[in-house]
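Numbering (my numbering), first residue to last: 2 to 759.
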């Protein structure tokens, strides 16, 4: 404590309450091939539902690794999972625009979130396209992760409502009914109108639909109301509100007729090509159907049949995914409005087009409402709602890749202005700031929805041993990843040896679990041959280590995700038994036997070793898994792969020492940089001994002694800036062999005469 140079009171606080706390020993680790998810990134999974959510359901290529993890999670609730993949696995992407649906796809792979942001996000050090050659084929969105599942995605963007004009438009117009020509004087048709807009011409009863625009002073318009059949001399006109979200019958030209039990909608005086889009919902006489084909201006085909006939009916249309957005149509955000800007909002619907995600084709899986195309936009709660950032943050299925192309007006993005006629609109990705060179204070928003199907996703070829090993190397550092039970699923001997030698033996705080190859036990009719196959595989792996555990094979189980039965390696279950033993008792209890060794989810064992075969397997450090009639399927052994007769040739002893070493080492870190004196050594002993007494009281050890004094902390040790503690342990041993002797004694013999004599 500091010296005082004048009278006063100084207080200090010294903490001498250090204790040894238990260390985690139940977290699993697995690397495998999956259909979805980040590549070569450790992800914590807590149950099978989360496994499906993050890495998706298994198929014929991935089920062995999937169910190894799922089986482990049936016993535990913590699995660190890594997806292994090679460069043939690719992300699906939405084509850059509707015309590019058939364009060549450029293969891209996003490995993990960091890779995306540093490669493809301009705000995070990346660049649009990420430097990928021929990137223009892809965009505006990329599937979140690589795999064919991404091809089932579809994205639909609904632009904001285009407000009615604020008073009369520029100039005057004269309409000739016979030719539909609308001739302007001092007008700005290219700036102020778009094909499909409705205008109200002064003096006319109804509205008029713009069908084409030739130049600033020439357009074609048709009347919606049949009573408007006379020419109109030069007069003023206004533009009506236009909504992609929904269009009422009063804004649609003509009438329609449908026949019962038919999908054909026949129009009279309609302009379906201009006023409808494939995917729209058309409502006729109370029945709403999806438009699947627009054959002509007067014929539409729907995806479902109409139940009742109708003739000369008015009709209305909606954006296909309006029902997913209770917020109503997108318009102008308060963020843009406060900055004197307009028309920045969009709705984004993400759809399971093929039903691969939900089982229902066309189901909306994400609905992102009232996003803004303005960079930096925030909602009233301060949340970033710039559509690029919002989707990147909240979507589970897609990344932003580029600003889209809409209505043939290319958005170069990131603030580039867009010109239509002589008016300049603010592009997607620009800031919502009315200062600048644009002549209108609006963001450009399309007159139609933009709906794009994803393509190009590829599951690729199976990862090689090198690919899988790279995944397991994510577990190398004990400081970065906490893992105690590493499963190897159905990976080959090369991977198994690497995991044992370079992960388990290197970290010394985890155990590796492996099974024989499927061909060793599945489809092998002779138990004797299967026994030899299993032992041969053990000899192929050929690891003399107390940090590895081998079981005898596979189990036949039901795959609820695909409604079929599968053969799955047992190492996930054996690791799971260890995790369950931790939660029910302690790591130093054996996971084998009828009490704690019951295997879940077994339909049958393809190899069920008998006593003689179990003897042979056990002598080769293979733990048999056995089905006993009426008693379930049991792990009937608890050996490690250590061939030397030792306490460490048993799972419970190895895991006891992992627990002790991990817990005491973590506590000992607080002795670093203290003085190596009698007080510090005494403090260390008083910290460790209560922990060991607790373990002893729970049955983990028979006896112990902690030595940390001048006898092992000599002057040489002290002068070398070292600290030494010796902890002697007598571990408890699990019963493997039971001998029962039944001795017959004559009637006149006292038991005391024979007890101990035979």
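All C-beta atoms in this analysis are idealised placements derived from N, C-alpha and C, irrespective of residue type, glycine included.
Every value quoted in this text rests on a predicted model; they were computed, and no experiment measured them.
At the level of alpha carbons, what is the spacing between residue 221 and residue 317?
Taking the first residue of the chain shown as position 1, residue 221 is located at position 220. Taking the first residue of the chain shown as position 1, residue 317 is located at position 316. The alpha-carbon atoms of residue 221 and residue 317 are separated by roughly 23 Å.
Enumerate in chain order the residues of its own chain whose CB-to-CB distance from residue 672 is below 7 Å, with the five nearest sequence positions on each side excluded.
As a working mapping, residue 672 is identified with position 671 in the chain shown. 681, 685 and 724, listed in sequence order.
Comparing alpha-carbon positions, which option in 190, 194, 185 and 237 lies nearest residue 205?
Reading the chain shown from its first residue, position 204 is the one you call residue 205. Measuring from the Cα of residue 205, the nearest candidate turns out to be 237.
Counting Cβ pairs closer than 8 Å, one from the segment 327–347 and one from the segment 264–279, do we hit at least three?
no
What are the start and end residues of the beta strand (DSSP E) that includes residue 185?
Position 184 of the chain shown, counted from the start, is the residue given in the question as residue 185. Taken as a continuous stretch (DSSP letters only), the beta strand (DSSP E) holding residue 185 covers 182–186.
Which same chain residues, not among the five before or five after residue 562, have their C-beta less than 8 Å away from its C-beta?
As a first step, residue 562 is located in the chain shown; it is residue number 561 there, counting from the start. These residues qualify, in order along the chain: 53, 58 and 59.
Give the DSSP bridge partners of residue 399, in chain order.
Translated into positions along the chain shown, residue 399 becomes position 398. In the DSSP output, where bridge partners are listed per residue, residue 399 has 144.
Do three or more CB pairs link the segment 74–86 to the segment 35–46 at distances below 8 Å?
yes
By DSSP, does residue 481 sit in helix, in strand, or in coil?
In the chain shown, the residue the question calls residue 481 occupies position 480. Looking at residue 481 - three-state DSSP - the assignment turns out to be coil, as it is neither helix nor strand.
Should the segment 471–479 be regarded as contacting the segment 500–515, the criterion being three or more beta carbon pairs within less than 8 Å?
yes
Name the one or two DSSP bridge partners that residue 487 has.
Residue mapping note: residue 487 aligns to position 486 of the chain shown, counting from 1. Looking at the DSSP assignment, residue 487 forms a beta bridge with 30 and 513.
Would the segment 613–625 count as touching the segment 111–118 if we require 3 or more Cβ pairs under 8 Å?
no
Within this structure, are the beta carbons of residue 344 and residue 168 separated by less than 7 Å?
Here residue 344 refers to the residue found at position 343 when the chain shown is read from its first residue. Here residue 168 refers to the residue found at position 167 when the chain shown is read from its first residue. Against a cut-off of 7 Å, the Cβ pair of residue 168 and residue 344 comes out as no contact.
Which of the three DSSP states, helix, strand or coil, is assigned to residue 278?
Mapped onto the chain shown, residue 278 falls at position 277. Coil at residue 278, not helix or strand.
Could you check whether the segment 707–714 touches the segment 594–608, counting it as contact only if at least three pairs of C-beta atoms, one from each stretch, sit closer than 8 Å?
no
Buried or exposed by the 16-neighbour rule on C-beta atoms within 10 Å, applied to residue 362:
On the chain shown, residue 362 is found 361 positions in, with the first residue counted as 1. Exposed: under 16 other Cβ atoms inside 10 Å.
Residue 28 vs residue 79 beta-carbon contact at 7 Å
For the purposes of this step, residue 28 is taken as the residue at position 27 of the chain shown. For the purposes of this step, residue 79 is taken as the residue at position 78 of the chain shown. Yes; because the gap between Cβ atoms is below 7 Å, this pair is in contact.
Excluding the five sequence neighbours on either side, which residues of its own chain have a C-beta within less than 8 Å of the C-beta of residue 73, listed in chain order?
Looking up residue 73 in the chain shown gives position 72. Contacts found: 29, 31, 80, 486, 488, 573, 574, 576, 577 and 580.
Residue 645, DSSP secondary structure in three states
For this step, residue 645 is matched to residue 644 along the chain shown. It is coil, neither helix nor strand.
Per-residue DSSP class, three states only, for residue 62:
As a first step, residue 62 is located in the chain shown; it is residue number 61 there, counting from the start. Looking at residue 62 - three-state DSSP - the assignment turns out to be coil, as it is neither helix nor strand.
By alpha-carbon positions, which one of 610, 125 and 543 ends up nearest to residue 494?
Locating residue 494 in the chain shown gives position 493, where the first residue counts as 1. Of the candidates 610, 125 and 543, the one whose C-alpha sits nearest the C-alpha of residue 494 is 543.
Under a three-way DSSP split, which group does residue 11 fall into?
As a position in the chain shown, residue 11 is number 10, starting the count at 1. Reduced to three states, the DSSP call for residue 11 is coil.
By the 10 Å Cβ neighbour count, where 16 or more other Cβ atoms means buried, how is residue 384 classified, buried or exposed?
In the chain shown, residue 384 corresponds to position 383, counting from 1. Answer is exposed; the Cβ neighbour count stays below 16.
Residues in the same chain with beta-carbon distance under 6 Å from residue 472, minus the five sequence neighbours each way, listed in chain order, please.
Numbered from 1 along the chain shown, position 471 holds the residue referred to as residue 472. Closer than 6 Å at the Cβ level, and outside the excluded window around residue 472, lie 32, 41, 83 and 85.
Mark residue 431 as exposed unless 16 or more other C-beta atoms lie within 10 angstroms of its C-beta, in which case mark it buried.
For the purposes of this step, residue 431 is identified with residue 430 of the chain shown, where counting begins at 1. The residue is buried, with at least 16 neighbouring Cβ atoms inside 10 Å.
Just verifying my parser: in three-state terms, what is the DSSP assignment at residue 21?
In the chain shown, the residue the question calls residue 21 occupies position 20. Residue state, collapsed to three classes: coil.
Identity of the residues DSSP links to residue 307 by a beta bridge:
Numbered from its first residue, the chain shown carries residue 307 at position 306. DSSP lists 263 as partners of residue 307.
Using only alpha-carbon positions, find the residue among 62, 63, 67 and 61 that is nearest to residue 49.
Taking the chain shown and counting its residues from 1, one reaches residue 49 at position 48. Answer by Cα proximity: 67.
By how many angstroms is the C-alpha of residue 691 removed from the C-alpha of residue 659?
What you label residue 659 is simply residue 658 of the chain shown in a count that begins at 1. What you label residue 691 is simply residue 690 of the chain shown in a count that begins at 1. If you take the alpha carbons of residue 659 and residue 691, they lie about 18 Å apart.
Quick one: what does DSSP say residue 1 is sitting in, helix, strand or coil?
Past the edges of the chain, shown from 2 to 759, lies residue 1, and the structure says nothing about it.
Residue 649 vs residue 657 beta-carbon contact at 7 Å
Taking the chain shown and counting its residues from 1, one reaches residue 649 at position 648. Taking the chain shown and counting its residues from 1, one reaches residue 657 at position 656. Not closer than 7 Å, so no.
When DSSP labels each residue in this structure, what does residue 551 get in the three-state scheme?
Within the chain shown, the letter at position 550 stands for residue 551. In this structure, residue 551 counts as strand in the three-state DSSP scheme.
Residues near residue 195 by beta carbon distance below 6 Å, same chain, minus five either side
Working through the chain shown from its first residue, we reach residue 195 at position 194. The residues are 448.
Identity of the residue in 290, 630, 511 and 164 nearest residue 306 by Cα
In the chain shown, residue 306 corresponds to position 305, counting from 1. Residue 306 has its Cα closest to that of 290, out of 290, 630, 511 and 164.
Same chain, Cβ closer than 7 Å to residue 388, neighbours up to 5 away in sequence not counted
Against the chain shown, residue 388 aligns to sequence position 387. These residues qualify, in order along the chain: 347, 349, 372, 373 and 374.
Can you look up residue 540 in the DSSP assignment and give me helix, strand or coil?
Residue numbering aside, residue 540 sits at position 539 when the chain shown is read from its first letter. Helix.
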